[in-house]
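Take a look at the structure below.
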Ligand SMILES: [Zn+2]
């Protein structure tokens, strides 16, 4: 038996078909309510860690569900614990809540009323879908052995909101550490509405930022030998970084370095004192994520030294690699098949080079993050505007899929220990 035996045991679906059918049907029947909440959220998008209007809409939506609700200290999060009728472990479901600095151009009847802010990444659907999952679970409380922690999280778009909620104790909100964690992300393109996609292992990249200051000595452009010109040295670094990516890292565990900003000088015949580079760095494994800062620093410092200049390298960690637990992906795949048929699951062949702060949760707890298709009807998933576009539209139907899949994951994980 050994390891294989354990894996086999973990892969047994313990929810029977009747439970899943009722989840699917109830999620569909609840769609008018979840869509209404989603539209209300969409009208008042907020950015960052302080989302008072969004938080109030969540609190109002949860008010009649008999949950243990608490709010964050350093951010406007909502943590709600749903207690089952029977004792058991706890699992976590997460929905991020924040919007983006985008001016909406969708023409939706529920278009943003906040100038220059838009739910362009579909986090309004994550909130409403999680409320939908809470209603599905609350209606089944009598059959639940254990607890479900509902994590309504601000500040996904670069503010490390998930890490802050972990620091404030969300993983232990039910009184014991959660044993499984689940989240969804809707996609306005690439996946047809209702499709569910994920993969075992790395699903999304880590995203870091590096800033390099090349320090030379300015002078007259006609006499560079009397100066220490930082511009050709910075240019050499831009190319050397690309050589580093392909020569120092495994092609099957890739690194993406994009120097998106190069800045130096004022005029054609003046050699500046300094040159600046800024790059985004994407990695796809925790080991490479750990190794890459030192390699970039070594390269930039030594290229500068080779020319008698100095370089200061400032490396800022963004979000870690999002890594799915293989057994939890198998659970999500099986439940999606059972809920919506075999064709509804899409096995993602490669990771997505974007980053996601649910990665902080998955560093602590085995779980799975899945993409849910929300391409509007009549649009080609291959060409519809992508997440973050001012024209990105998300189909409400993805709310029912998200709610049912999240509720099924929680129930199935809890039933595993009870069974
Ligand atoms: Zn997002």
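In this note's numbering, the protein residues as written are 840 to 1258. We put the beta carbon where it would ideally sit given N, CA and C, even for glycine.
> Is there contact here, the region 1181-1191 with the region 990-1000, by at least three beta-carbon pairs under 8 Å?
Replying inline: no
> Quick one: what's got a C-beta closer than 7 Å to residue 1023's C-beta in the same chain, skipping five residues either side?
Replying inline: Counting from one through the chain shown, the residue named residue 1023 turns up at place 184. Taken in chain order, the residues that qualify are 965, 968, 1209, 1211, 1241, 1244, 1245.
> From this set, 1113, 1191, 1072, 975, which residue's C-alpha is nearest residue 1093's C-alpha?
Replying inline: The residue labelled residue 1093 in the question sits at position 254 within the chain shown. Comparing Cα positions, the closest option is 1191.
>> Checking the sheet assignment: what are the DSSP bridge partners for residue 1163?
In response: Start at 1 with the first residue of the chain shown, and residue 1163 comes out as number 324. Its beta-bridge partners are 1040.
> What residues are listed by DSSP as bridge partners for residue 1058?
Replying inline: Here residue 1058 corresponds to residue number 219 of the chain shown, with the count starting at 1. By DSSP's assignment, residue 1058 forms a beta bridge with 1110.
> Cβ atoms of residue 988 and residue 959: under 9 Å apart, would you say?
Replying inline: Along the chain shown, one-based indexing puts residue 959 at 120. Along the chain shown, one-based indexing puts residue 988 at 149. For residue 959 and residue 988, no; Cβs fall outside 9 Å.
>> Tell me whether the region 1155-1167 and the region 1083-1097 touch, counting them as touching only if at least three CB pairs, one residue from each stretch, are closer than 8 Å.
In response: no
>> Looking at ligand 1, does it come within less than 8 Å of residue 935, judged from the CB to the closest heavy atom?
In response: Within the chain shown, residue 935 is the residue found at index 96, counting from 1. Flag set: Cβ of residue 935 near ligand 1.
>> Could you tell me which whole beta strand (DSSP E) segments of length 3 or greater appear in the region 896-920?
In response: 907-910
> Is residue 1155 helix, strand or coil by DSSP?
Replying inline: Translated into positions along the chain shown, residue 1155 becomes position 316. DSSP places residue 1155 in strand when its eight states are reduced to three.
> Would you call residue 1055 buried or exposed, if buried means 16 or more other Cβ atoms sit within 10 Å of its Cβ?
Replying inline: Your numbering for residue 1055 matches position 216 in the chain shown. Burial call: buried.
> Can you tell me where the alpha helix (DSSP H) with residue 932 in it begins and where it stops?
Replying inline: Position 93 of the chain shown, counted from the first residue, corresponds to residue 932. It is not in any alpha helix (DSSP H) - residue 932 instead sits in the beta strand (DSSP E) that spans 925-935.
> So, is residue 1215 buried or exposed, given that buried needs 16 or more other C-beta atoms within 10 angstroms?
Replying inline: Position 376 of the chain shown, counting from 1, holds the residue named residue 1215. Buried: at least 16 other Cβ atoms inside 10 Å.
>> Let me confirm a value: residue 1016 is counted as buried when at least 16 other C-beta atoms fall within 10 Å, else exposed. Which label applies?
In response: Residue 1016 sits at position 177 when you count from the first residue of the chain shown. The residue in question, residue 1016, is exposed, as its Cβ has fewer than 16 Cβ neighbours within 10 Å.
> Ends of the beta strand (DSSP E) at residue 1021?
Replying inline: Taking the chain shown and counting its residues from 1, one reaches residue 1021 at position 182. Taken as a continuous stretch (DSSP letters only), the beta strand (DSSP E) holding residue 1021 covers 1019-1031.
>> Please tell me whether, using a cut-off of 8 Å, the distance from the CB of residue 1163 to the nearest non-hydrogen atom of ligand 3 is below it.
In response: Here the bound small molecules are ligand 1; ligand 3 is not part of this structure.
>> Could you tell me the alpha carbon to alpha carbon distance between residue 1030 and residue 1036, rounded to whole angstroms?
In response: Sequence index remark: in the chain shown, residue 1030 carries index 191 (1-based). Sequence index remark: in the chain shown, residue 1036 carries index 197 (1-based). Computed Cα separation, rounded: 8 Å.
> Does DSSP put residue 890 in a helix, in a strand, or in coil?
Replying inline: Stepping through the chain shown from its first residue, residue 890 is reached at position 51. Looking at residue 890 - three-state DSSP - the assignment turns out to be coil, as it is neither helix nor strand.
> Which runs of the alpha helix (DSSP H), 4 residues or longer, sit entirely within the region 925-1001?
Replying inline: Here the runs fully enclosed are 962-977.
>> Based on DSSP bridge pairs, tell me the residues matched to residue 1121.
In response: By 1-based counting over the chain shown, the position of residue 1121 is 282. Per DSSP, 1046, 1095.
> How is residue 1115 classed by DSSP in three states: helix, strand or coil?
Replying inline: Locating residue 1115 in the chain shown gives position 276, counting from the first residue. In the structure shown, residue 1115 sits in a strand (DSSP, three-state: E or B).
> On the three-state DSSP scale, how would you describe residue 1066?
Replying inline: Against the chain shown, residue 1066 aligns to sequence position 227. Looking at residue 1066 - three-state DSSP - the assignment turns out to be coil, as it is neither helix nor strand.
> Is the beta carbon of residue 899 less than 9 Å from the beta carbon of residue 975?
Replying inline: Working through the chain shown from its first residue, we reach residue 899 at position 60. Working through the chain shown from its first residue, we reach residue 975 at position 136. Going by C-beta atoms, residue 899 is not nearer than 9 Å to residue 975.
>> By the three-class DSSP mapping on this structure, what secondary structure does residue 1131 have?
In response: Taking the chain shown and counting its residues from 1, one reaches residue 1131 at position 292. Three-state DSSP puts residue 1131 in a helix.
> Are the Cβ atoms of residue 920 and residue 894 separated by less than 9 Å?
Replying inline: Residue mapping note: residue 920 aligns to position 81 of the chain shown, counting from 1. Residue mapping note: residue 894 aligns to position 55 of the chain shown, counting from 1. It is not a contact, given that the beta carbons lie outside the stated cut-off.
> If you count every other CB in all the chains shown that lies within 10 Å of the CB of residue 842, and 16 or more means buried, which is it?
Replying inline: For this step, residue 842 is matched to residue 3 along the chain shown. Here residue 842 scores only 41 on pLDDT, less than 50, and its place in the model is too uncertain to base an answer on.
> Quick one: is residue 840 buried, meaning 16 or more other Cβ sit within 10 Å of its Cβ, or exposed?
Replying inline: Numbered from 1 along the chain shown, position 1 holds the residue referred to as residue 840. Any reading at residue 840 must be qualified, since the residue scores a pLDDT of 36, below 50, and its modelled position is unreliable; the value itself is stated next. Exposed, by the Cβ-count rule.
> Looking only at its own chain, which residues have a Cβ that is under 7 Å from the Cβ of residue 874, when we skip the five neighbours before and after it?
Replying inline: Here residue 874 refers to the residue found at position 35 when the chain shown is read from its first residue. Excluding positions up to five away in sequence, the list reads 1235, 1238.
> Pairing CB atoms from the region 1041-1059 with CB atoms from the region 1142-1158, are three or more of them under 8 Å?
Replying inline: yes
>> So, does the region 1109-1127 touch the region 1066-1084, judging by three or more C-beta pairs under 8 Å?
In response: yes
> Among 1203, 901, 1137, 922, which one has its Cα closest to the Cα of residue 980?
Replying inline: As a working mapping, residue 980 is identified with position 141 in the chain shown. When each option's Cα is compared against that of residue 980, the closest is 922.
>> I want to check one thing, is the minimum distance from the CB of residue 881 to the heavy atoms of ligand 1 below 8 Å?
In response: Locating residue 881 in the chain shown gives position 42, where the first residue counts as 1. The answer is no for residue 881.
> How big is the Cα-Cα spacing for residue 890 and residue 1170?
Replying inline: One-based indexing of the chain shown puts residue 890 at position 51. One-based indexing of the chain shown puts residue 1170 at position 331. Roughly 33 Å between the two C-alpha positions.
>> Under DSSP, the alpha helix (DSSP H) around residue 1221 begins and ends at which residues?
In response: Along the chain shown, one-based indexing puts residue 1221 at 382. Segment: none, residue 1221 is in no alpha helix (DSSP H) and carries neither H nor E.
> If you draw a straight line from the C-alpha of residue 1131 to the C-alpha of residue 1225, how long is it?
Replying inline: Counting from one through the chain shown, the residue named residue 1131 turns up at place 292. Counting from one through the chain shown, the residue named residue 1225 turns up at place 386. Near 29 Å, if we compare the C-alpha coordinates of residue 1225 and residue 1131.
> What residue from 1167, 1114, 864 has the CA that sits closest to residue 1067's CA?
Replying inline: Against the chain shown, residue 1067 aligns to sequence position 228. Of the residues 1167, 1114, 864, the one whose Cα lies closest to the Cα of residue 1067 is 1114.
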